[in-house]
Amino acid sequence: MFGAVHFHFQFSSRMKPKTDLWNFEYSANFNILYYLGIWQIESGDAKKDYAHLIYRHVCFVALFTAIALQLIDFWMAIGDVDRMTYNLCTSTITTGSFFHFILQLTHSNELNELRRRLWLDFYMYDEEEDMAIKQQIFKEMKFISRLFHLAAIFFYPVCMLQGYFSYLWGPREFPFPAFMPFHLDSDSQYIGPFLVELIIGVIVLFGTIDSNLLVFGLSLQLVTLYKLLQKDLGKLNEVDYDEGNVKGEYKEINYVLRRIKMEQSIKELISRLTTLTGYVNTFRSCMTAPSVLPFICGFILMITNGVQVIQMSYAFNYRLIYEMVYLVLIFVDLFYFCYYITMLNSEVSELVQVELSVKQKRCSPDESRLFFFLFEILNVADAAYFSGWYKLDVKFQKYILLMMLQAQRAPRFSAGKLVSINLNTYLLLLKHTYSSLMLFRQLDTSQKAVQNAAMMS
25 MFGAVHFHFQ FSSRMKPKTD LWNFEYSANF NILYYLGIWQ IESGDAKKDY
75 AHLIYRHVCF VALFTAIALQ LIDFWMAIGD VDRMTYNLCT STITTGSFFH
125 FILQLTHSNE LNELRRRLWL DFYMYDEEED MAIKQQIFKE MKFISRLFHL
175 AAIFFYPVCM LQGYFSYLWG PREFPFPAFM PFHLDSDSQY IGPFLVELII
225 GVIVLFGTID SNLLVFGLSL QLVTLYKLLQ KDLGKLNEVD YDEGNVKGEY
275 KEINYVLRRI KMEQSIKELI SRLTTLTGYV NTFRSCMTAP SVLPFICGFI
325 LMITNGVQVI QMSYAFNYRL IYEMVYLVLI FVDLFYFCYY ITMLNSEVSE
375 LVQVELSVKQ KRCSPDESRL FFFLFEILNV ADAAYFSGWY KLDVKFQKYI
425 LLMMLQAQRA PRFSAGKLVS INLNTYLLLL KHTYSSLMLF RQLDTSQKAV
475 QNAAMMS
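According to my numbering, the sequence shown holds residues 25 to 481 in order.
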């Protein structure tokens, strides 16, 4: 904690942010969630905040109503496998999104503070090499954001047109969030719920997308800061230790100056790593509970949509392509969720495994121990004890002791403390989904064969 405060105080004034937090590149998803009424941002205006609080409650009442109607519809669909699978998909989307929003809102203060700190740290690095790293990561964020929103813009109207054409030609059904307890043959009673679904669908769809992009954006900002820290670690090797051109009477002074510079650099790096570790721990604690819902809902959606695809594959159905595209989108969403968390974890591990070449012949023993300390403490905390840290001054020792405590355990990102969030978990989820769908297809094929045999006889 001391290291984080020290570093933040020392470096936060290097340069002022070039833009405000609201217009920050990674704030777009927070802003969209704010406009949808499912995120809280303190504006400083009491009347505006109070009005937005009322608006947010209205949005959540609408979502809660959608959940209640979904459950009613699912109960009425029991016995019809096609309607049950269809309604289970829409019920899972609405219910999972609702509770995902609630869980994220419970950590809104922590996430907003993390967002603010990352915004300040983002502008501390203004060198040309730093800007190149930041732009590279931001392009990736911009690409994935466009991909998700374009998919929603093209996919959602198709879903709504399906409901509109059913209104014109029948059979009448609601595409999202499915059937409501109204008389569908009445035009006036159909068009009202259809418009309500259209509005609720926009909130749920774009709220779900930007809730995931919120996680992606925070993780990519952390990845950027870790890459910048790795760059600073590499600069420790740029110090020239060649004393061939230094006069004898100045060698001792040169050694002292180099040592002071090295200690100061290592202090700053350790303090910086302390700050980043605090950011990662905050991010992990805020995302542990909400991240379990995408896995649970994603698995249910993959199974139910897969069942629908299997049932439609026996005869051509215009909904087959629609369901297959939707299934692919679920796979992509879960993939990116696991990928970016894995990317952040790999950056932390890569920093832990960074190799610092030590120029043994040109370094004094004390300087060599400092290099070895920085390499070893980032790999194994216990190895720091043998680096000779206890021979340094007390002010430097407290940084090393703090670093030892932090290096004892690498961060582990988990979904609800149940499963680790990584690509291995994603592949395992795909494997179980495929096995379940193949089992269903085999049972369905056997059942149809028995029915055909019974009809033939």
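Just so you know, even glycine gets a beta-carbon here, dropped at the ideal spot from N, CA and C. Given the structure is predicted, the values throughout are model-derived calculations rather than measurements.
Please classify residue i: does DSSP put it in a helix, a strand, or coil?
| i | result |
| --- | --- |
| S289 | helix |
| S470 | helix |
| L461 | helix |
| L451 | helix |
| S444 | strand |
| S315 | coil |
| F123 | helix |
| M148 | coil |
| S388 | Here the model assigns S388 a pLDDT of 47, short of 50, so the residue's position is not dependable, and the following value carries that caveat. The answer is coil: DSSP assigns S388 none of H, G, I, E or B. |
So, residue i versus residue j, is the Cβ gap smaller than 8 Å?
| i | j | result |
| --- | --- | --- |
| Y360 | L244 | no |
| D234 | N446 | no |
| V239 | I161 | no |
| T130 | L87 | no |
| A313 | L127 | yes |
| T299 | S121 | no |
| L461 | I334 | yes |
| K352 | F464 | A quick correction: the sequence has Val, not Lys, at residue 352. Their beta carbons are not under 8 Å apart, which means V352 does not touch F464 by this criterion. |
| Y59 | M165 | no |
| A90 | I294 | no |
| E134 | C310 | yes |
| L252 | Y147 | no |
| C362 | T449 | yes |
| L45 | R140 | yes |
| K48 | W143 | Contrary to the premise, residue 48 reads as Phe rather than Lys in this sequence. Yes, the pair counts as a contact, with Cβ atoms nearer than the cut-off. |
State the CB to CB distance for the pair residue i and residue j, rounded to an integer number of angstroms; the pair is presumed to be in contact (CB under 8 Å).
| i | j | result |
| --- | --- | --- |
| Y303 | L138 | 6 Å |
| F307 | L242 | 6 Å |
| I354 | L317 | That pair is no contact at about 13 Å. |
| L358 | L453 | 7 Å |
| L112 | T328 | 5 Å |
| K72 | E153 | No, K72 and E153 are not in contact; Cβ-Cβ is about 41 Å, not under 8 Å. |
| D176 | F230 | Checking the sequence, you will find Ala at residue 176 rather than Asp. Indeed, because the Cβ distance is near 6 Å, the residues count as touching under 8 Å. |
| F179 | V356 | F179 to V356, Cβ: 12 Å. No contact. |
| S115 | Q64 | With a Cβ gap of about 27 Å, S115 and Q64 do not count as contacting. |
| L237 | S169 | 6 Å |
Counting C-beta neighbours from all protein chains within 10 Å, is the total for residue i 16 or more, i.e. buried, or is it exposed?
| i | result |
| --- | --- |
| K158 | buried |
| G61 | buried |
| I284 | exposed |
| E151 | exposed |
| K472 | exposed |
| L297 | buried |
| H76 | buried |
| D145 | buried |
| N476 | exposed |
| G322 | buried |
| L467 | exposed |
| V228 | buried |
| T469 | exposed |
| A439 | buried |
| L442 | exposed |
| I78 | exposed |
| F167 | exposed |
| N369 | buried |
Minimum length 3: unbroken beta strand (DSSP E) runs contained in the stretch 45 to 76: As far as the stretch 45 to 76 is concerned, it has no whole beta strand (DSSP E) run of at least 3 residues.
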